[in-house]
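J.: So in our numbering, spot 201 of the sequence shown is number 320, and the numbers just go up one at a time.
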Amino acid sequence: MPWTSLPPALTPLLVPHLPAVSEELLAGVRLDVPVYARPMEGVFGDSIRRGVEVALTRFLQLPGTQQPALMGDARRVYEGLGRGEVREGRPMDALFAAYRSGARTTLRSFSRVAMDAGFEASVLIALAESVFAYIEELSAASAEGYAQEQSERAGERDRRLDALADLLVRGHAAEDTVRAAAAAAGWPVPERVVVVVLAADRRVGLRSRLGDRALLASRPGDVLAVVPEPATPSGRRDLGRTLTGRGAVIGPARPWHAAADSLRLAVRARDLLQPRDPGGEAPLWVAEHLAELVLGGEPSVVEDLAARRLAPLAELRPAQRERLGATLLSWLAHHGQRAAMAEELGVHEQTVGYRVNQLREVFGEDLRDPQVRFELELVLRAGHR
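#1: Which residues in the same chain have their Cβ closer than 7 angstroms to the Cβ of residue 133, if we skip the five residues on either side of it in sequence?
#2: Quick check on residue 327 - is its C-beta less than 8 angstroms from some C-beta in chain D?
#3: To the nearest angstrom, report how far apart residue 446 and residue 496 are at their CA atoms.
#4: When we look at the beta-carbon of residue 449 and count the other beta-carbons within 10 Å, is it buried (16 or more) or exposed?
#5: Do you know how far the Cα of residue 258 is from the Cα of residue 192?
#6: Taking residue 122 as the reference, give the member of 137, 183, 313 with the closest Cα.
#7: Which residues in the same chain have their Cβ closer than 6 angstroms to the Cβ of residue 268, if we skip the five residues on either side of it in sequence?
#8: CA-CA distance, residue 163 and residue 328?
#9: If residue 367 and residue 317 are in contact, beta carbons under 8 angstroms, what's the gap, nearest whole angstrom?
#10: In whole angstroms, give me the CA-to-CA distance for residue 270 and residue 210.
#11: Counting C-beta neighbours from all protein chains within 10 Å, is the total for residue 369 16 or more, i.e. buried, or is it exposed?
#12: From residue 491 to residue 292, what distance separates their C-alpha atoms?
#13: May I have the straight-line CA-CA distance separating residue 406 from residue 471, to the nearest angstrom?
#14: What do you reckon, are the CB atoms on residue 261 and residue 198 nearer than 8 angstroms?
#15: Are residue 358 and residue 314 closer than 8 angstroms when you measure CB to CB?
#16: Taking the continuous alpha helix (DSSP H) assigned at residue 139, which residues delimit it?
#17: Using CA coordinates, which residue listed in 287, 280, 434, 245 is at the minimum distance from residue 375?
#18: Rounded to a whole number of angstroms, what is the C-alpha to C-alpha distance between residue 264 and residue 187?
#19: Of all the options 213, 289, 249, which has the alpha carbon lying nearest to the alpha carbon of residue 381?
#20: Of all the beta strand (DSSP E) runs that stay within the bounds of the region 318-379, which reach a length of 3 or more residues?
#21: Measuring straight from C-alpha to C-alpha, what distance separates residue 280 and residue 386?
#22: Can you pull the DSSP bridge partners for residue 280?
#23: Roughly how many angstroms separate the alpha carbons of residue 501 and residue 418, rounded to a whole number?
#24: Is residue 412 near residue 432, with beta carbons less than 8 angstroms apart?
#25: Whose CA, out of 333, 481, 141, 120, lies closest to the CA of residue 173?
#26: Alpha carbon to alpha carbon, how far is residue 129 from residue 246?
#27: Restricting to Cα atoms, I'd like to know which of 326, 350, 285, 339 is closest to residue 309.
#28: Taking the alpha-carbon of residue 389 as reference, which of 415, 378, 372 has the nearest alpha-carbon?
#29: Report buried or exposed for residue 319, applying the criterion of at least 16 other Cβ atoms within 10 angstroms of its Cβ.
#30: Round the Cβ separation of residue 321 and residue 383 to the nearest angstrom and send it over; I've been treating them as touching at under 8 angstroms.
#31: In the DSSP output, what is residue 404 paired with across the bridge?
#32: So what does residue 314 bridge to, in DSSP terms?
#33: Out of 438, 378, 156, which one is the CA nearest neighbour of residue 297?
#34: Would DSSP call residue 463 helix, strand or coil?
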């Protein structure tokens, strides 16, 4: 600490000059740092004047001692100035520039008084070293306060974002309530959203991967993400890549006030369709499986329909029933085009022809009835054979 070599006699010599040095310092800061070029009034003026007063008073307590630059309340003053810069929405550059400006003014004024009092050049050198070492300590305290304020604000914003996500996925919240919560969290409300459902153990790193526009919420066993609808093919691809390998189910897009419906359908699709192993698979987009959701809405009704329409296959062996069921679904889907059916089933066209003849024998004239064909396709797509 360079001030240990300063003569204690400097303190009583310099104290009477503090008021004048303070005013000179403030004038210099307003001139050198444009963002501070405003009247020293209100909270802003009080905090700056308090900072200057504490800085100069504390500095003059240090000559000839081994005390740290700042302790207790004094340190909190400069941490507070750093916090204030966060609240003003400024980087630390302006405050650091103000400290440097203040250091130059202080050194110039104190050196002039010391020279007039007859102190040697070695004292002036030590004074300069002490002033700039002291300013470094002030800067460090302010930087710490700045970082603390940023961290606390980030934590508070995360809490507000999580609360907003909970409002959206629960549904039934008044529009004014949601918009007020979104404004408080700094989250622009999109026109439409999708809700993503993942297992709770997939939350790690999810917020950073999805970005600031995603909201996260939790429910027993699950983590939910509310994401603005990816309205372009590239946006859809990006979201898919982000969620690959996480066993994610992406609900259909809905207006933001109907996010709960996107969640409901995502959960329904997960329960009904049993997404593939998450080890490396792409997410399941519910919008691509709406027919399966419809069919799964009343499973007992579909079972009754399957029992009725697939009754002609009931007497066949299981393997034969499965084979003919797959052929029938392909025949219905491709309107009897054998080339497309052969490619889908992985068999020769002659084999397709043989199986279709079997189907005609089993089902007879029913295959000519449009209503029967429609009902057959429904139950086959629902997985019945």
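Idealized CB from N, CA, C, for every residue including glycine.
Keep in mind the model is a prediction, meaning the values are calculated, not measured.
T.: This is what the structure holds:
#1: Along the sequence shown, read from residue 1 onward, the residue named residue 133 stands at position 14. Around residue 133: 179, 229, 232.
#2: Considering every chain present, this structure includes no chain D. It has just one protein chain.
#3: Your numbering for residue 446 matches position 327 in the sequence shown. Your numbering for residue 496 matches position 377 in the sequence shown. Cα to Cα, the separation comes out at about 11 angstroms.
#4: Taking the sequence shown and counting its residues from 1, the one referred to as residue 449 is at position 330. Buried: at least 16 other Cβ atoms inside 10 Å.
#5: As a working note, residue 192 is residue 73 in the sequence shown. As a working note, residue 258 is residue 139 in the sequence shown. If I take the Cα positions, the gap works out to 16 angstroms.
#6: Stepping through the sequence shown from its first residue, residue 122 is reached at position 3. Residue 183 is the option with its Cα nearest to residue 122.
#7: As a working mapping, residue 268 is identified with position 149 in the sequence shown. Closer than 6 angstroms at Cβ, skipping near neighbours: 202, 205.
#8: Position 44 of the sequence shown, counted from the first residue, corresponds to residue 163. Position 209 of the sequence shown, counted from the first residue, corresponds to residue 328. Between residue 163 and residue 328, the C-alpha separation is close to 39 angstroms.
#9: Here residue 367 is taken as the residue at index 248 of the sequence shown, counted from 1. Here residue 317 is taken as the residue at index 198 of the sequence shown, counted from 1. That pair is a contact at about 5 angstroms.
#10: Position 151 of the sequence shown holds residue 270. Position 91 of the sequence shown holds residue 210. So the two alpha carbons sit approximately 14 angstroms from each other.
#11: On the sequence shown, residue 369 is found 250 positions in, with the first residue counted as 1. Label assigned to residue 369: buried.
#12: Here residue 491 refers to the residue found at position 372 when the sequence shown is read from its first residue. Here residue 292 refers to the residue found at position 173 when the sequence shown is read from its first residue. C-alpha separation (whole angstroms): 45 angstroms.
#13: As a working mapping, residue 406 is identified with position 287 in the sequence shown. As a working mapping, residue 471 is identified with position 352 in the sequence shown. So the alpha carbons of these two residues sit roughly 32 angstroms apart.
#14: Here residue 261 is taken as the residue at index 142 of the sequence shown, counted from 1. Here residue 198 is taken as the residue at index 79 of the sequence shown, counted from 1. Yes.
#15: Along the sequence shown, one-based indexing puts residue 358 at 239. Along the sequence shown, one-based indexing puts residue 314 at 195. Taking 8 angstroms as the Cβ cut-off, residue 358 and residue 314 do not qualify as a contacting pair.
#16: Start at 1 with the first residue of the sequence shown, and residue 139 comes out as number 20. From DSSP, the alpha helix (DSSP H) with residue 139 extends over 137-151.
#17: Translated into positions along the sequence shown, residue 375 becomes position 256. The shortest Cα separation from residue 375 among 287, 280, 434, 245 belongs to 287.
#18: As a first step, residue 264 must be located in the sequence shown, where it is residue number 145. As a first step, residue 187 must be located in the sequence shown, where it is residue number 68. In a straight line, the C-alpha of residue 264 is about 18 angstroms away from that of residue 187.
#19: Working through the sequence shown from its first residue, we reach residue 381 at position 262. Closest by alpha carbon: 289.
#20: 334-338, 341-347
#21: Against the sequence shown, residue 280 aligns to sequence position 161. Against the sequence shown, residue 386 aligns to sequence position 267. Approximately 22 angstroms between the Cα atoms of the pair.
#22: Counted from its first residue, the sequence shown places residue 280 at position 161. DSSP, once it has assigned bridges, lists no residue as partnering residue 280.
#23: Sequence index remark: in the sequence shown, residue 501 carries index 382 (1-based). Sequence index remark: in the sequence shown, residue 418 carries index 299 (1-based). Those two C-alpha atoms are separated by around 9 angstroms.
#24: One-based indexing of the sequence shown puts residue 412 at position 293. One-based indexing of the sequence shown puts residue 432 at position 313. Contact: no.
#25: Along the sequence shown, read from residue 1 onward, the residue named residue 173 stands at position 54. Nearest C-alpha to residue 173: 141.
#26: Locating residue 129 in the sequence shown gives position 10, where the first residue counts as 1. Locating residue 246 in the sequence shown gives position 127, where the first residue counts as 1. For residue 129 and residue 246, the distance between alpha carbons rounds to 10 angstroms.
#27: Your numbering for residue 309 matches position 190 in the sequence shown. The option with the nearest alpha carbon to residue 309 is 350.
#28: By one-based count along the sequence shown, residue 389 stands at place 270. Minimum Cα distance to residue 389 is reached at 415.
#29: Your numbering for residue 319 matches position 200 in the sequence shown. Counting Cβ neighbours within 10 Å, residue 319 comes out exposed, since fewer than 16 surround it.
#30: Here the question's residue 321 lines up with position 202 in the sequence shown. Here the question's residue 383 lines up with position 264 in the sequence shown. Actually they do not touch by this definition, with Cβ atoms about 20 angstroms apart.
#31: Mapped onto the sequence shown, residue 404 falls at position 285. Paired residue(s): 369.
#32: Position 195 of the sequence shown holds residue 314. Looking at the DSSP assignment, residue 314 forms a beta bridge with 345.
#33: The residue you call residue 297 lines up with position 178 of the sequence shown. If we check each option's Cα against that of residue 297, 378 comes out closest.
#34: Translated into positions along the sequence shown, residue 463 becomes position 344. The answer is helix: DSSP assigns residue 463 an H, G or I state.
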